[in-house]
Amino acid sequence: MRIGVFVCNCGTNIAGTVDTAKVASEALAFADVVYATNYMYTCSEPGQQEIQRAIGEYGLQGVVVAACSPRMHEPTFRRAVEKAGLNKYMFEMANIREHVSWIGNDREANTRKAVDLVRMAVGKLRFNQPLFSSKMPVNKRLLVIGGGVAGIQAALDCADGGVDVVMVERKQYIGGKMAQLDKTFPTIDCSSCILGPKMVDVSQKENITLYAASEIESISGYIGNFTVEIRKKTTYVNWDACTGCGACMEKCPAKKAEDYFNEGLGTARAINIPFPQAIPKKAVIDAQFCRQLNGKKCGVCAKICPVKAIDFEMKDTIVTEKVGAIIAATGYDLFDHSVYGEYGAGRLPDVITGIQYERILSASGPYGGHIRRPSDGKEPTEIVFISCVGSRDQSVGRPYCSGVCCMYIAKQAILTRDHLPESNSYVFYMDIRAPGKNYDEFVRRAQEEYGVQYIRGRVGKIYQRGDRMVVQGADTLLGVQVEVEADLVVLATGVESSSGAGELAEKLRISYDQYGFYMESHPKLRPVETNTAGVYLAGACQGPKDIPSSVAQGSAAASKVQSLFAHDMIETNPQVALVNERNCIACGKCIQVCPFGAIQWKELRGGIKKAEVLPSVCQGCGVCNATCPPKAVQLQHATDNQILAEVNELCA
Amino acid sequence: MLENDRNQLHKLVEEALPELDMMIGWAESCDPLQTTPVFIRDAKSISKLTLGPFCSQNLAGYLVKPPALDAPPKPDAKPIGICVKGCDSRSLVALIQEKFITRDRVRIFGIPCRGTVDFRKVAQRVPLANVKSATMEGDSLVIDDSGTPLRLDLEEVLARKCLGCRYPNPVIQDVVIGQEAKPRSSSLAATYRDVAAMDAKPLEERLAFWQSELDRCIRCYACRNACPLCVCQDRCIVETREPRWLTQRVGIPEKFLFHFIHAMHLAGRCTGCGECERVCPMDIPVTLIKEKLNKIMEEMLGYSAGLDPEAVPPLLTFNPGETEI
Amino acid sequence: MTDSSPRSSAPADETAATKQGIKIVGFLCNWCSYGGADTAGVCRFKQPTDLRVVRIPCTGRMDPLFIAKSLIYGVDGVLVSGCHPRDCHYAVGNFYARRRMEAFKAFLPFMGIDTQRFKYTWVSASEGQQWQKVVTEFSEQIHRLGPNPGVRLRSGDNSKVSSGLR
């Protein structure tokens with residue numbers, strides 16, 4: 014092989030602490046190196062032309078550039094050598110900037126290290142092979158997991174663009190947390206008024222298939238070609254027949270069922286449609302409370318149902334959908350405040366959560382939109398809000414800010430004053446975080462126009478006194494202890510990752526942080542992509558987020574999907590594993606360890622089995638290569654010979 | 057007693073042979089201290105089959121070595137009968153576990169084992185050329201070298217691997233021949249006493265030990281060829297050019313790397329049958345290397361190879377929760 | 079063993095080490111630790127110059143035999159670094175690697191190779207400072223150990239005696 018070595022000065026970035034001319038001259042002595050030089054800025058247009066000129070002039074078959082990190086400019090140089098007629102994999106980079114010149118000042122040692130790195134790159138290049146990518150078709154269908162506002166936005170954007178969308182929601186209705194909210198900050202517009210039409214759109218768009226009361230069973234495949242198994246959970250109601258008339262709900266004698274939608278503030282019937290605007294508007298039987306399903310004689314709903322939709326024998330079913338991209342929009346859950354003994358450990362009936370208060374405020378809520386307290390139904394006059402319950406608190410393992418609580422407290426305090434003009438609201442807070450557009454103004458309005466009393470400090474104790482509660486806390490600005498006799502206490506419980514987020518992440522093969530939030534591919538530059546190609550994120554599954562941000566992410570993810578779907582074919586990465594059948598002993602260890610199911614059996618004539626890599630599924634991790642005893646499976650561009658060559662250069 | 061067992065074996069094999077493709081067992085050889093593997097298809101040859109402390113070979117490997125490996129059995133193929141001692145049976149389990157053979161492909165004649173004789177230990181007591189015959193009498197090995205019969209305590213002449221044996225009885229079998237044998241060891245400490253002795257030495261002494269031992273290695277690959285789990289054989293990376301892990305240079309580093317490769321490829325798979333050491337023409341204690349890894353697997357990952365046909369070898373799986381292994 | 083080897087005479091080694099430098103090979107996964115090393119560079123976090131990095135896609139690609147090969151043939155230290163557990167770009171590659179390297183680490187000293195010459199660690203692409211710490215500490219550790227004597231036999235010592243271990 015005829016190899017050319019180009020050592021970059023990078024101005025003084027490299028040349029400042031590395032003798033690049035010496036690196037080039039020493040490189041000339043390496044095996045197969047026929048040309049070596051140093052250049053001011055190799056990545057510049059003339060720098061690239063110099064490489065291309067040398068390829069022509071010296072008949073180079075491989076190129077080494079010693080410059081910055083390959084994570085920076087490998088694509089640049091690969092394109093450059095490709096233009097000059099080389100296969101772009103006949104190129105190697107030696108990182109002598111980030112790994113040498115920028116981390117050491119000893120010019121002599123740096124130069125020695127740079128020479129070593131170039132020698133290793135040349136050593137590896139001598140084992141490089143031209144690689145070629147193949148193309149595979151894209152299935153232009155999208156799976157959206159989660160039917161909250163982020164998922165809805167993503168689904169509608171894509172559906173508008175002509176993409177077939179499959180939406181899976183584990184609850185029986187879409188809308189997510191936003192559907193439970195009364196009003197939204199900072200505009201105080203009605204949550205269901207702005208979300209409702211979007212929910213209706215989802216149900217009416219012909220190219221959106223909605224699976225509510227369903228969960229993801231398994232996901233296989235890869236970008237462009239995922240196969241998803243969806244478990245449709247037992248609802249005991251045939252949804253194809255159910256018209257959502259609600260007759261069953263009226264007659265159901267099991268009236269003490271848990272009202273999840275109203276956060277346990279009221280009760281529901283065992284057969285239930287959680288709220289009037291629910292999409293899909295279909296009834297579901299709660300097996301825990303249904304008399305018939307618990308062995309008692311009932312079946313009232315089955316008798317009353319005009320379309321005979323009730324089916325007590327129903328079982329879960331699995332449906333399979335094929336899609337080309339996936340958006341995870343699984344939202345969030347709220348922190349369980351019962352760990353806080355100082356707030357009554359969840360035992361005081363009139364200490365409620367922010368989301369419960371939303372339901373109380375809501376005209377379609379359990380109290381018809383009249384503010385009452387759960388214990389005795391009395392109108393409260395003194396209301397205390399406590400922020401950061403399960404946020405910014407290392408002691409409960411939630412060191413992060415939930416981002417939305419400051420704002421929803423301000424909103425709820427304003428609404429409280431609207432509902433009960435005679436009431437007094439107090440907010441215990443740590444800091445007010447209101448960085449969004451018109452957010453700080455909104456909080457100021459709560460304080461200045463609505464007379465909400467903001468007390469900077471933590472609450473130390475809440476206890477019952479008569480039919481009221483005493484809230485003891487500190488006002489750290491005044492440096493005094495304060496005590497408020499409250500009728501109602503609202504805890505701004507923080508945002509945590511959705512239950513089951515980890516399990517879903519495993520199915521999606523995406524990573525998640527220690528709190529269960531999904532990891533974006535890059536915190537700034539790739540905020541809705543994951544490290545698994547074809548899987549995108551939207552909304553609070555990636556981290557606490559308010560509605561505007563969730564919607565923005567939903568649209569962002571949708572645009573990523575549409576740019577993917579703008580292609581009929583996608584190019585595969587040729588840096589994947591390849592089996593040398595002659596060496597394969599069919600031990601199957603590669604199949605056992607492959608994290609992607611990318612290796613399968615192949616039968617040759619005579620029934621001889623060999624392992625075979627599916628190049629479009631293989632992600633190129635190389636676990637198979639490390640595992641294969643006879644090293645019959647080799648990860649292209651990181652083969653044993655290539656890695657050994659680099660090591661050998663150091664052993665010499 | 058041995059005579060009874062042998063008769064029982066002959067009888068059982070005679071009954072089974074018509075349903076078998078062949079029977080793999082041990083036969084007496086010209087050397088009174090060693091047997092030879094025998095492959096029987098013909099009822100007339102059944103009488104060759106023998107048992108006893110000289111049946112040192114692990115026959116399990118014969119089931120999977122190429123070309124048997126490449127050519128899958130025909131669907132109507134009859135099973136193969138095979139004699140296994142306790143340790144051999146673990147190799148069989150490992151092979152079943154790794155799906156090199158299916159359980160129904162083998163008819164397993166289990167032989168409880170009281171230990172096998174290392175003829176080289178006998179040779180230290182009496183010139184092998186003089187040995188006319190060797191017979192078991194109770195716990196003694198009686199050697200006839202044309203003089204006064206020499207009576208050797210079995211313990212003195214057992215193979216090293218037998219001294220700490222925890223599984224003298226086959227862990228998988230269809231029929232059992234003879235009486236259950238008592239394990240010589242029930243503890244990790246007894247099984248791995250040679251490993252512990254080595255571990256107790258200073259690092260420099262260990263290096264010196266292996267330098268001196270492995271220096272004798274002639275890279276004949278007998279250890280690899282005898283290993284029932286070294287299924288790669290002629291595709292073994294110590295010989296292939298593609299990829300090229302080892303050069304043909306005769307040097308200590310090459311010998312070290314060869315033995316590292318052998319050991320690492322057996323990590324979590326080796327059942328400690330001792331074949332590698334038994335066949336080493338240069339007297340290198342190569343099983344000891346694998347014993348260390350076996351000990352690591354047991355202590356670190358709670359895994360002993362060749363006991364459970366359903367288990368996954370530990371290095372082919374993982375446990376996300378094991379933050380501190 | 080005699081002490082006639084040039085490798086084992088301490089003063090000679092010292093000069094050799096200072097002149098040529100200790101050589102440490104680092105196997106870094108492309109996604110996390112290679113990025114972390116880049117981050118350290120971008121932040122100008124100064125580090126010893128002994129490390130030579132081999133870029134691998136994932137620590138799951140790490141066959142412990144690469145480490146064996148390096149140490150047997152006299153590389154002074156081997157540092158393997160990848161994504162934190164659960165952060166693997168390939169989901170589980172580092173889980174496989176962790177078991178294999180942990181077992182290998184326990185095995186190395188049995189063969190007479192100092193286990194301190196091998197270290198594996200997890201450094202993410204954002205942890206430039208952590209990378210600086212890892213490299214500095216490991217390099218200092220290898221400098222304390224001195225050049226790797228490797229496994230080569232001293233000249234003239236070709237004793238073909240049996241160990242008598244049987």
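Residue numbers (our numbering), protein chains in the order written: chain W, 14 to 665; chain D, 57 to 381; chain B, 79 to 244.
Ideal Cβ positions, reconstructed from N, Cα and C, are used throughout, including at glycine.
These figures come from a predicted structure and were not determined experimentally.
Item to check | Straight-line Cα distance separating W:Arg-386 from W:Lys-450 | outcome: Here the question's residue 450 of chain W lines up with position 437 in the first sequence. Here the question's residue 386 of chain W lines up with position 373 in the first sequence. In a straight line, the C-alpha of W:Lys-450 is about 33 Å away from that of W:Arg-386.
Checklist entry - In chain order, what residues of the segment 631–659 of chain W put their CB closer than 8 Å to some CB of chain D? => result Thr-640, Pro-642, Pro-643, Lys-644, Ala-645, Gln-647, Thr-652, Asp-653, Asn-654, Leu-657
Next on the checklist: Can you tell me whether B:Asn-226 is buried or exposed? The criterion is at least 16 other CB atoms within 10 Å of its CB, across all chains shown.
Outcome noted: The residue given as residue 226 of chain B occupies position 148 in the third sequence. By the neighbour-count criterion, in which a residue is buried when 16 or more other Cβ atoms sit within 10 angstroms of its Cβ, B:Asn-226 is buried.
Checklist entry - Are the beta-carbon atoms belonging to W:His-350 and W:Ile-384 less than 8 Å from one another? => result Locating residue 350 of chain W in the first sequence gives position 337, counting from the first residue. Locating residue 384 of chain W in the first sequence gives position 371, counting from the first residue. Not closer than 8 Å, so no.
Checklist entry - Is it the case that the Cβ atoms of B:Val-156 and D:Leu-263 are separated by a distance below 8 Å? => result Here residue 156 of chain B refers to the residue found at position 78 of the third sequence. Here residue 263 of chain D refers to the residue found at position 207 of the second sequence. No, the Cβ-Cβ distance between B:Val-156 and D:Leu-263 is not below 8 Å.
Next on the checklist: Helix, strand or coil for D:Arg-62? Go by DSSP, reduced to three states.
Outcome noted: Translated into positions along the second sequence, residue 62 of chain D becomes position 6. DSSP places D:Arg-62 in helix when its eight states are reduced to three.
Next on the checklist: Counting only beta-carbon separations shorter than 8 Å, does W:Glu-584 have a partner in chain B?
Outcome noted: Here residue 584 of chain W refers to the residue found at position 571 of the first sequence. So no, W:Glu-584 is outside the interface.
Item to check | Under 7 Å by beta carbon: chain E residues contacting B:Thr-127 | outcome: In the structure shown, chain E cannot be found, because the protein chains are W, D and B.
Next on the checklist: Does any residue of chain D have a CB that is nearer than 8 Å to the CB of W:Asn-596?
Outcome noted: The residue you call residue 596 of chain W lines up with position 583 of the first sequence. For W:Asn-596, at least one C-beta of chain D is nearer than 8 Å to its own C-beta.
Item to check | Endpoints, alpha helix (DSSP H) assigned at D:Thr-247 | outcome: Position 191 of the second sequence, counted from the start, is the residue given in the question as residue 247 of chain D. Where D:Thr-247 is concerned, the enclosing alpha helix (DSSP H) stretches over 244–247.
Checklist entry - For W:Ala-514, which option in W:Thr-343, W:Cys-265, W:Gln-632 has the closest C-alpha, if you only look at C-alpha atoms? => result Residue 514 of chain W sits at position 501 when you count from the first residue of the first sequence. Among W:Thr-343, W:Cys-265, W:Gln-632, the Cα nearest to that of W:Ala-514 belongs to W:Thr-343.
Item to check | Among D:Leu-197, D:Lys-141, D:Ile-228, nearest to D:Leu-214 - alpha-carbon criterion | outcome: The residue given as residue 214 of chain D occupies position 158 in the second sequence. For D:Leu-214, the nearest C-alpha among the options comes from D:Leu-197.
Checklist entry - With 16 other CB atoms within 10 Å as the buried threshold, where does B:Lys-238 fall? => result The residue given as residue 238 of chain B occupies position 160 in the third sequence. Note on B:Lys-238: pLDDT 44, under 50, position unreliable in the model; no value is reported.
Checklist entry - Considering only C-alpha positions, which residue in the set W:Cys-419, W:Arg-430, W:Glu-276 is nearest to W:Pro-379? => result Position 366 of the first sequence, counted from the start, is the residue given in the question as residue 379 of chain W. Here the closest residue by C-alpha is W:Glu-276.
Next on the checklist: List, in chain order, every chain W residue whose beta-carbon is nearer than 7 Å to that of D:Glu-154.
Outcome noted: Within the second sequence, the letter at position 98 stands for residue 154 of chain D. Chain W residues near D:Glu-154: Cys-600.
Checklist entry - Can the beta-carbon of B:Ile-150 be found less than 8 Å from the beta-carbon of D:Pro-258? => result What you label residue 150 of chain B is simply residue 72 of the third sequence in a count that begins at 1. What you label residue 258 of chain D is simply residue 202 of the second sequence in a count that begins at 1. Not a contact, by the Cβ cut-off of 8 Å.
Next on the checklist: Residues of chain W with CB closer than 9 Å to the CB of D:Val-231, please, in chain order.
Outcome noted: Counting from one through the second sequence, the residue named residue 231 of chain D turns up at place 175. None at all; the shortest Cβ gap to chain W is about 29 Å.
Next on the checklist: With three or more C-beta pairs closer than 8 Å as the rule, is the segment 316–334 of chain D touching the segment 192–207 of chain D?
Outcome noted: no
Checklist entry - Which residues, in chain order, does the segment 281–294 of chain D contribute to contact with chain W at a C-beta distance below 7 Å? => result Val-287, Cys-288, Arg-291, Cys-292, Ile-293
Next on the checklist: With three or more C-beta pairs closer than 8 Å as the rule, is the segment 102–113 of chain B touching the segment 159–173 of chain B?
Outcome noted: A contact exists between the segment 159–173 of chain B and the segment 102–113 of chain B.
Checklist entry - W:Asp-177: which of W:Ser-38, W:Ala-571, W:Met-582 sits nearest, CA to CA? => result Counting from 1 along the first sequence, the entry for residue 177 of chain W is found at position 164. Taking only the C-alpha atoms, the option nearest W:Asp-177 is W:Ala-571.
Checklist entry - Nearest to W:Asp-45 by CA position, among W:Arg-132, W:Ile-116, W:Glu-63, is which residue? => result Along the first sequence, one-based indexing puts residue 45 of chain W at 32. Comparing Cα positions, the closest option is W:Arg-132.
Item to check | Collapsed DSSP secondary structure at B:Thr-137 in the structure displayed | outcome: One-based indexing of the third sequence puts residue 137 of chain B at position 59. Reduced to three states, the DSSP call for B:Thr-137 is helix.
Checklist entry - Going by C-alpha distance, which of W:Val-31, W:Ala-49, W:Thr-30 is nearest W:Glu-39? => result The residue you call residue 39 of chain W lines up with position 26 of the first sequence. Checking every option, the nearest Cα to that of W:Glu-39 belongs to W:Ala-49.
Next on the checklist: According to DSSP, is D:Val-198 part of a helix, a strand, or is it coil?
Outcome noted: By one-based count along the second sequence, residue 198 of chain D stands at place 142. Here D:Val-198 sits in strand by DSSP.
Item to check | Extent of the continuous alpha helix (DSSP H) run through B:Ser-217 | outcome: Counting from one through the third sequence, the residue named residue 217 of chain B turns up at place 139. Note, B:Ser-217: alpha helix (DSSP H), 206–223.
Next on the checklist: Considering only DSSP beta bridges, list what B:Trp-200 is partnered with.
Outcome noted: If you number the third sequence from 1, residue 200 of chain B lands on position 122. Answer is B:Gly-160, bridged to B:Trp-200.
Next on the checklist: Any heavy atom of the ligand PLP inside 7 Å of the beta-carbon of B:Asp-154?
Outcome noted: Only the bare structure without any ligand can be found here, which leaves the ligand PLP out of the picture.
Next on the checklist: For W:Asn-22 and B:Asp-116, I'd like the C-alpha separation in whole angstroms.
Outcome noted: Reading the first sequence from its first residue, position 9 is the one you call residue 22 of chain W. Reading the third sequence from its first residue, position 38 is the one you call residue 116 of chain B. So the two alpha carbons sit approximately 18 Å from each other.
Checklist entry - Using 8 Å as the limit for Cβ to Cβ distance, is W:Ser-524 near chain B? => result Here residue 524 of chain W refers to the residue found at position 511 of the first sequence. W:Ser-524 counts as touching chain B.
Next on the checklist: At a CB distance below 7 Å, what residues from the segment 144–178 of chain B approach chain W? Give them in sequence order.
Outcome noted: Of all residues in the segment 144–178 of chain B, Phe-144, Lys-147, Ser-148, Tyr-151, Gly-152, Val-153, Arg-164, Asp-165, His-167, Tyr-168, Ala-169, Val-170, Gly-171, Tyr-174 have a Cβ within less than 7 Å of some Cβ in chain W.
Checklist entry - Under a three-way DSSP split, which group does W:Asp-488 fall into? => result Taking the first residue of the first sequence as position 1, residue 488 of chain W is located at position 475. In the structure shown, W:Asp-488 sits in a strand (DSSP, three-state: E or B).
Item to check | Residue ranges of each beta strand (DSSP E) within the segment 557–626 of chain W, 3 or longer | outcome: 582–584, 590–592, 612–616, 622–626
Next on the checklist: Suppose you measure from the CA of W:Val-113 to the CA of B:Val-120; what does that come to, to the nearest Å?
Outcome noted: Here residue 113 of chain W refers to the residue found at position 100 when the first sequence is read from its first residue. Here residue 120 of chain B refers to the residue found at position 42 when the third sequence is read from its first residue. Each residue's Cα considered, the two are about 11 Å apart.
Checklist entry - Thinking C-beta only, is W:Leu-223 closer than 8 Å to W:Val-215? => result Along the first sequence, read from residue 1 onward, the residue named residue 215 of chain W stands at position 202. Along the first sequence, read from residue 1 onward, the residue named residue 223 of chain W stands at position 210. Result yes, Cβ atoms of W:Val-215 and W:Leu-223 sit closer than 8 Å.
Checklist entry - Ends of the beta strand (DSSP E) at W:Tyr-682? => result For chain W, the structure presents residues 14 to 665; residue 682 of chain W sits outside this window and is missing.
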